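Throughout, this note's numbering is defined as the position within the sequence shown, counted from one, plus 1155.
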Amino acid sequence: MRICSLLPSATEIIADLGLAEHLVGVSAECDHPPAVRGLPVVTGARIDTSALPSLGIDRAVREQLGDGTSLYAIDEALLAELAPDVILTQDLCPVCAVASDDVGRVCPVGAEVVSLDPRTIAEVAESARELGRRLGVGAAGAAVADRMLDRIEAVAARTRGLERTPMFLAEWLEPPFAAGHWVPEMVAAAGGRDVLGRVGEASFAVTWEQVREAGPELLVLAPCGFDAARAASEASVVPDLGCRTVAVDANAYFSRPAPRIADGVEQLAFLLHPEAAADPGLPLVPLR
């Protein structure tokens, strides 16, 4: 079996299924587990965002999408050379990874294109089960899903009955974006209440004044694709809302619909209710 994963979350799930040795190609964003970083890179972003601030990234992305151009380039020759049996991609977000339609137009004859598009924690778990079934390791897929859900439920059990601390998790900073999809569920499981987030829906732009009026007691900077250090480096664009503010590693533990969101839930629980949850030791930058 030859698997090409163009989606970081899928790459993580493949590794958790014990199938990493079957990966023959990945995207430029696939960085976990570390062993996949040496695999052939089949897709990459057309925009170099490494030196751009969040506002610059937002403008560049909007301009390119407005032109009808995909944000990602596919190395068609390399894809053909790798001759995968299965190609994993998504249709959830045109900003996060190459879309299945783009892959379908260039995929080698006979390759199966599988699109993973979870919007909730339950659907993240189902992604692991589905991949397990499709790839002949159904029991492993169920085990990966159950482990993630059990960890999240363990946190929810510890915070159940505690006050729901109001907080805001910023999925982007300039402009600020309220959290969507599975992230507000992560907050709820951790014993919090996202003051603007919407479960199962796309993240959406707000203003910092709207955030202030919503009255969060905790502000978590978690820009999609940023680690904690990079998020913290852009904190100057965030006004002082009069509440505790921290930066976290969104790229690893919040943005990707993969089993490590359980780690993110554990970190949120520690931030919201340290009396009930231990510090998981994940990257964290206190700002205010």
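Backbone N, C-alpha and C define an ideal beta-carbon position, used for all residues, glycine too. Remember, predicted model here, so these are calculated numbers, not experimental data.
Could you tell me whether the Cβ atoms of residue i and residue j are closer together than 8 Å?
i: A1175; j: A1200; result: no
i: A1344; j: V1310; result: yes
i: V1440; j: A1387; result: yes
i: P1331; j: V1354; result: no
i: V1279; j: I1416; result: yes
i: V1191; j: L1178; result: yes
i: L1162; j: L1271; result: yes
i: I1158; j: V1241; result: yes
i: G1380; j: S1358; result: no
i: W1337; j: R1274; result: yes
i: T1400; j: L1427; result: no
i: I1307; j: V1420; result: yes
i: A1225; j: C1185; result: The residue asked about is misnamed: residue 1225 is Ser in this sequence, not Ala. In this structure, C1185 does not lie closer than 8 Å to S1225 by Cβ.
i: L1234; j: P1263; result: yes
i: Y1408; j: D1395; result: no
Let me make sure I understand the geometry here. Which of the options has the alpha-carbon closest to that of residue i?
i: A1300; options: I1276, P1331, A1312, L1374; result: I1276
i: A1433; options: Q1422, L1439, R1443; result: Q1422
i: V1366; options: E1281, C1185, G1352; result: G1352
i: G1370; options: T1362, M1322, P1394, P1189; result: M1322
i: L1373; options: V1361, A1424, P1189; result: A1424
i: S1391; options: E1285, D1305, L1210; result: L1210
i: Y1227; options: V1258, L1207, P1208, E1318; result: V1258
i: E1356; options: A1294, I1202, A1333; result: A1333
i: A1377; options: D1404, V1361, A1360, A1298; result: D1404
i: M1156; options: E1167, G1265, A1232; result: G1265
Would you tell me roughly how many angstroms separate the C-alpha atoms of residue i and residue j, rounded to the nearest one?
i: G1316; j: E1236; result: 56 Å
i: T1198; j: P1239; result: 14 Å
i: L1243; j: A1165; result: 7 Å
i: G1346; j: R1313; result: 9 Å
i: S1287; j: E1267; result: Position check: residue 1287 holds Gly in this sequence, whereas Ser was assumed. Each residue's Cα considered, the two are about 15 Å apart.
i: A1402; j: E1326; result: 11 Å
i: P1438; j: A1383; result: 6 Å
i: T1320; j: N1406; result: 24 Å
i: G1221; j: A1215; result: 10 Å
i: Q1245; j: D1213; result: 21 Å
i: Q1219; j: A1431; result: 46 Å
i: D1305; j: L1324; result: 23 Å
i: G1296; j: R1289; result: 10 Å
i: D1230; j: H1187; result: 21 Å
i: I1202; j: G1397; result: 35 Å
i: D1349; j: R1217; result: 26 Å
i: E1368; j: A1360; result: 15 Å
i: E1364; j: G1335; result: 19 Å
i: E1167; j: V1269; result: 15 Å
i: V1393; j: T1362; result: 11 Å
i: A1232; j: P1429; result: 52 Å
i: A1294; j: R1385; result: 38 Å
Please check the pair residue i and residue j, which I expect to be a contact at CB under 8 Å, by giving their CB distance rounded to whole angstroms.
i: V1292; j: L1194; result: In fact, because the Cβ distance is near 20 Å, the residues do not count as touching under 8 Å.
i: P1412; j: S1205; result: Going by Cβ atoms, the distance from P1412 to S1205 rounds to 24 Å, so no, they are not a contact pair.
i: P1414; j: R1302; result: 7 Å
i: E1318; j: P1208; result: Not a contact, Cβ separation roughly 36 Å.
Any beta carbon of chain C sitting closer than 8 Å to that of residue i?
i: R1319; result: The structure shown contains no chain C, having only a single protein chain.
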